[in-house]
Amino acid sequence: MTLSTPSDLGATSTGGLARRVREPLLVGGGAAALCLGLLVHDPHQPGSWGYCPFLLLTGRPCPACGGLRAVDDLLHGDLLAALGSNAYAVGSVGLGIVLWVLWLVGRVRARPVDWSPVHGRLASAWLAGLLLFGALRLLVPGLAFLQP
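So the sequence shown is numbered by numbering that gives the first Met the number 0: it starts at 0 and just counts up by one.
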């Protein structure tokens, strides 16, 4: 992602606004298309979206197993079912929405958020959290309810 100054973003013209918000709106449109795919093709049907290679090889769910079902449950307004499918995916969706809104608002205001100081740490923390979540739900008997 290229960081720009407000003057580079054409802050004073309507065409500048369209140019500034193009990327966040494309990403949001892509996410909406993926959500539509989940609404059309139910991930709760075994094999409907393929099979997890990790699950096939090990017989254990990977940290992301249940993520599609969790997002589908969120789209249907069932938070408890979503948490039961993959609680980390639910948190990740929330984080993604917050970051996307900050990105869009920054572009609309012609004051883009400078992610450079945090994007590497945030991505590393998210990945570490995913791996920790996956390990804990498999290894800690009291957390077995987190398995999909």
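From the three backbone atoms N, C-alpha and C, an ideal C-beta is built for every residue, glycine too.
Item                                                                                                                                                          : Value
Rounded to whole angstroms, what's the CA-CA distance from Leu37 to Phe132? Just pull it up for me.                                                           : 24 Å
Between the C-alpha atoms of Arg59 and Arg120, what's the straight-line distance to the nearest angstrom?                                                     : 29 Å
Between the Cα of Leu73 and the Cα atoms of Tyr87, Cys61 and Pro62, which residue gives the shortest distance?                                                : Tyr87
By DSSP, does Ser123 sit in helix, in strand, or in coil?                                                                                                     : helix
Answer with buried or exposed for Ala81, where buried requires no fewer than 16 other C-beta atoms within 10 angstroms of its C-beta.                         : buried
In its own chain, which residues sit with a C-beta less than 6 Å from the C-beta of Arg136, not counting the 5 before and 5 after it?                         : Leu142, Leu145 and Gln146
Take Trp105 and list the residues in its own chain whose beta-carbon comes closer than 6 Å to its own, dropping the five residues that flank it on each side. : Contrary to the premise, residue 105 reads as Gly rather than Trp in this sequence. These residues qualify, in order along the chain: Pro111 and Val112.
Checking the sheet assignment: what are the DSSP bridge partners for Ser47?                                                                                   : Gly49
Distance, Cα to Cα, Gly65 vs Gln44?                                                                                                                           : 12 Å
Is DSSP giving Pro62 helix, strand or coil here?                                                                                                              : coil
Span of the alpha helix (DSSP H) holding Arg106?                                                                                                              : Leu78 to Val107
Using the C-alpha atoms, what's the distance from Gly90 back to Thr57?                                                                                        : 26 Å
Among the candidates Asp71, Leu130 and Leu126, whose CA atom is the shortest distance from the CA of His40?                                                   : Asp71
Is there contact here, the region 94 to 108 with the region 21 to 28, by at least three beta-carbon pairs under 8 Å?                                          : yes
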